[in-house]
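Structure first, then comments.
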Amino acid sequence: MGLHFIDGNQAVAMGALYGGCNFFASYPITPASTLLSAMLDTLPAAGGIVLQGEDEIASIGYCLGASMAGMKVMTATSGPGLSLYSENISFAIAGEIPIVIVNIMRQGPSTGSATRGADSDVQFMRWGCSGGLPVIVLAPADVGDCFTLTVHAFNLAEHFRCPVFVASNKEIGMTSQTVDMDRVEKPPIIDRTLHESGLFLPFHVNPGEDVPSFLPIGGPILVRQTSSTHGQDGYITTDPSEIQAGVERLQRKIEANRESFSYFDLEERKGARTLLVAYGITAGAARAAASELFAQQNVPISVLVLKTLWPVPEHVLLRAAEGMERILVVEMNLGQYIQEVRRVLCNQRVDFYGKMSGQLISPGEITEEVMGG
Amino acid sequence: MDSLLNPDRPPVFCPGCSHERSVHVLDRALQSMGFVGSEVAIVSDIGCSGLFDTFFNTHAFHGLHGRALTYAAGIKLARPNLKVIVTMGDGGLGIGGGHLLAACRRNLDLTLLVLNNFNFGMTGGQFSCTTPEKASVSSSFLNALEKPFDLCHVAACAGAPFVARSSVYRKDLSELLKEAISFGGFAIVDIWGGCPARYMKKNPLSPKEIEEAMGKLPAYKGVVSANVRREYSGHYRQAAAKERAKDPWQGIEPIFEPAVKERREVVFLGSAGQRVITAGGLLARAALLGGMNVSQKNDFHITVMRGPSVTELILSPQPITYSGVEQPRVIIALAHEGVRRCWGLFEKMKKGGRIILAAGVEVPSTAGQILEVDFKAAGIKKKEMALAACFLLARDGDPITPEMFEEALKGSFQGKRLEEARLVLEKAATIPPFEGST
């Protein structure tokens, strides 16, 4: 059916619709507001609900309520709005409320540059709310990924009952690209597991499982949701062993299963002694740099493009870095994800190149960095 | 009907707390209306009012301070037939003030019970947005400096169609709650009571004193006729049903051979309002019709009609991995703002590159060939210059052909806009070509 010429935000909207999203709420913020427009263009006509919240706190709040009433929800923002999401993100973690949060990152800190891209929030998404429990963060590298990873994000949010981020960037979200939608990966849809029979306790987990089965608020069986530390019945608990078991489960359900959703592309070149590690918009530049180096100077470089940033796909990093003399992490900030790479590859040389000027990192800059090292 | 109270979880309020009275009044109202637990959701947030949901055998949602109205709205929109009751304290009301205003304006069918006891009970008796200036509370002198607000007045001003104020001790409170709950829109009841643990230690607040204090404010007894209008959820569904899916995401089938075999980087340097992004989109569409891969990356300030507007296009027979422009083949320089933002780009241009330069715009020296165009003399307005420049590129056959351009024009513009565009192109046809062009 020919090529589509769409931007990343439109591709996220397409992915959301494909993934079963039927409730979207957000507050206008550049560079995420075109996603609100794209959702308004499509979701109401498809029978879904789109709300423009009075602020970001409300927008994510609407989503949490709707999700608990059984809808598949998504919200979208950028750095300053993400700051306001914080309390409700930790609620979604604690209350095990499925939600997809699209973060179209822009240059920071603070209000920063609204119309310039950067990967400002890579640590903030993981650590920016109380409790320190894990979330899932997926990072699209291009328009096609925006579609596919949004579908994955819905699937993961539903399956694990947790917040899942799609960590895009102004330079992906608002840059149009040709994409062959017929060839873009379309994962099968996963919905949350519903409680089927027997006594329903809203946070009860069957033996051998880590995720409670779901019933919606408003159905025939009473459901309780709470942001307070709770037992399996959804009432506050003060029992230290129950509290500890609860938070450990919230951590385990995400981290122990990470290998099942560690998305990445590894472009290996025979004889490579340097591994480029990149994600998001910078992945394209890293790939272009590696092909140029090989084509023009016969220098083989491997490129690892991470599409799952959190939980850190440690096994992927370890395997890709095997035998490498140098790992060069390239990111559109002053060095955030490199902290994780250094932690995992602690016995190897891990260098950094990055900037947060609002400009893309070019293949030429990466080439220079590779050769200069 | 049976009580909706949870026999296993009796209220745990302080002795003498007015909230306990509210719990029972709400239960009586729900009972007499014939509700069973599964037909009701109680949404609460932080503070003593946030305990309400635990005492009832209904659906329950307890969240963050001041945000109960937001969760409730999501639940109600998802489940229009569910009776959704929100409890908040005066503390939550203060921190969630924006949500209150939004709920009043939106008019979703929610019932908000404000359990107003003039202070933050749980955290130590600090002042809230309803604490009287003369009250003695744990925030030292601070409350004396701020005027408490009349939340009924605020709600009515913000558009709430049902606003009522009552002492928790009034005998008819249960009837009032029934009225509020059965009202088909946003209903708010400001229930005044006392906090024996904190507030009442230094501020006597007998039922009589509550009545006296309330008597000094305007009475709100329910329906605010000026604000009565359609309920949001039903209205939304009706309006949404009329929406037709705009499908802006149709694929574009190539119908031409590519005009060029190599990658081309084209940059429009303009100012906001010059429609350079639209013109870039037109060029992109034309190239797609020639089966090329395209990326279009835009750079602009947040000021809508001021400042530079830059659009960078890459047109390539091969897939595009990096969307930045590194070596422009064509620069369309239409305004100082855009040129100044990308001054260094001209240096990167190699021999064979071309520049369409609007007369009067200064550019740095470059290896490229310059076609200076007096758009104004040709009768082309500022906002049509980018469109005219696309035409000039097509006329030269690089990176698109006139046929691709024509097809893209018909695909992008309709009706009056298409007619306007054609007039622009007629004028553009009078512009002399690049030297050496055919």
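Protein chains in written order, with my numbering: chain G, 14 to 386; chain S, 799 to 1236.
Where a beta carbon is used, it is the ideal one built from N, C-alpha and C, also for glycine.
Chain-order list of residues whose beta-carbon lies under 6 angstroms from that of residue i (same chain, five-residue window excluded)
i       : result
S:N1091 : S1114, P1117 and I1118
S:V838  : T856 and K881
S:S937  : Q924 and F925
G:F18   : S189 and T191
S:G835  : L802, N855 and T856
G:F355  : Checking the displayed sequence, the identity of residue 355 of chain G turns out to be Arg instead of Phe. Excluding sequence neighbours, G:R355 sits near V363.
G:I203  : N168, E171 and H172
G:L279  : L317 and A333
S:L1312 : Any question about residue 1312 of chain S goes unanswered here, given that chain S covers just 799 to 1236.
G:V312  : L306
Cβ-based neighbour list, residue i, same chain, cut-off 7 angstroms, excluding 5 preceding and 5 following
i       : result
S:I1196 : Ile is not the amino acid found at residue 1196 of chain S; the sequence shown has Asp there. Cβ within range, chain order: A1057 and V1058.
G:E69   : Y40, T90, G94, L97 and Y98
G:Q361  : A334, M337 and I340
S:I1100 : none
S:G1020 : F960, A962 and E977
G:G92   : M118, R119, G121, G125, S133 and D134
CA-to-CA distance, residue j to residue i, given in whole angstroms
i       : j       : result
S:S926  : G:G78   : 26 angstroms
G:N182  : S:S1107 : 19 angstroms
S:L1221 : S:L1087 : 23 angstroms
G:S226  : S:K874  : 22 angstroms
S:T1236 : S:L1190 : Low local confidence applies: a pLDDT of 49 at S:T1236 is under 50, so the model's placement there is unreliable, with the coordinate-based value given in what follows. One C-alpha to the other measures close to 12 angstroms.
G:A285  : G:S315  : 6 angstroms
G:I267  : G:V318  : 21 angstroms
G:T287  : G:A152  : 23 angstroms
G:R237  : S:A1037 : 32 angstroms
S:K1180 : S:R1035 : 43 angstroms
S:S972  : S:T928  : 23 angstroms
S:L943  : S:K1014 : 20 angstroms
G:L64   : G:V197  : 29 angstroms
S:E1010 : G:Q136  : 55 angstroms
S:N1096 : S:E1201 : 26 angstroms
G:D155  : G:R282  : 22 angstroms
S:S965  : G:L212  : 40 angstroms
S:H897  : G:V86   : 20 angstroms
G:A38   : G:G66   : 6 angstroms
Cβ-Cβ distance between residue i and residue j below 9 angstroms
i       : j       : result
G:F178  : G:V218  : no
S:I1050 : G:G15   : yes
S:V782  : S:L1155 : No statement about residue 782 of chain S is possible, as the shown extent of chain S runs from 799 to 1236 and does not include it.
G:G247  : G:E255  : no
S:I787  : S:A1186 : Any answer about residue 787 of chain S is impossible in this case: the structure gives chain S only from 799 up to 1236.
G:F36   : G:I62   : yes
S:F1203 : S:A1084 : yes
S:S1163 : S:F1144 : yes
G:I102  : G:I73   : yes
G:I114  : G:T88   : yes
G:G377  : G:M345  : no
G:A308  : G:I379  : no
G:T239  : G:G108  : yes
Residues of its chain near residue i, where Cβ-Cβ distance is below 8 angstroms and the 5 sequence neighbours each way are ignored
i       : result
S:A1157 : E1170, V1171, D1172, F1173, K1174 and A1175
G:E100  : I70, C142 and S143
G:D252  : G244
For residue i, the residue or residues it bridges with in DSSP
i       : result
G:Y366  : G:V343
S:T885  : S:S842 and S:L911
S:V961  : S:I986 and S:G1020
G:M87   : G:F37 and G:V113
G:W323  : G:V150
S:E1110 : S:V1065 and S:K1095
G:P176  : G:I112
G:R237  : S:A858
S:R1152 : S:V1128 and S:Q1167
G:G130  : G:R119
G:I19   : G:Q190
Cross-chain neighbours of residue i in chain C, by beta carbon under 9 angstroms
i      : result
G:M345 : Absent from the structure is chain C; the protein chains it does hold are G and S.
Cβ contact check for the segment 843-854 of chain S and the segment 886-893 of chain S: 3 or more pairs under 8 angstroms = yes
Are the segment 1001-1010 of chain S and the segment 1019-1036 of chain S touching by the rule of at least three beta carbon pairs closer than 8 angstroms?
-> Counting Cβ pairs under 8 angstroms, fewer than three are found: no touch.
Between the segment 1129-1136 of chain S and the segment 814-830 of chain S, do at least 3 Cβ pairs fall closer than 8 angstroms?
-> no
Does the segment 978-991 of chain S come close enough to the segment 898-909 of chain S to have 3 or more Cβ pairs within less than 8 angstroms?
-> yes
Pair every Cβ in the segment 1067-1076 of chain S with every Cβ in the segment 1098-1107 of chain S, then say whether three or more of these pairs are closer than 8 angstroms.
-> Judged by Cβ distances under 8 angstroms, the segment 1067-1076 of chain S makes contact with the segment 1098-1107 of chain S, as three or more pairs qualify.
The segment 150-169 of chain G touching the segment 15-25 of chain G, judged by at least three CB pairs closer than 8 angstroms = yes
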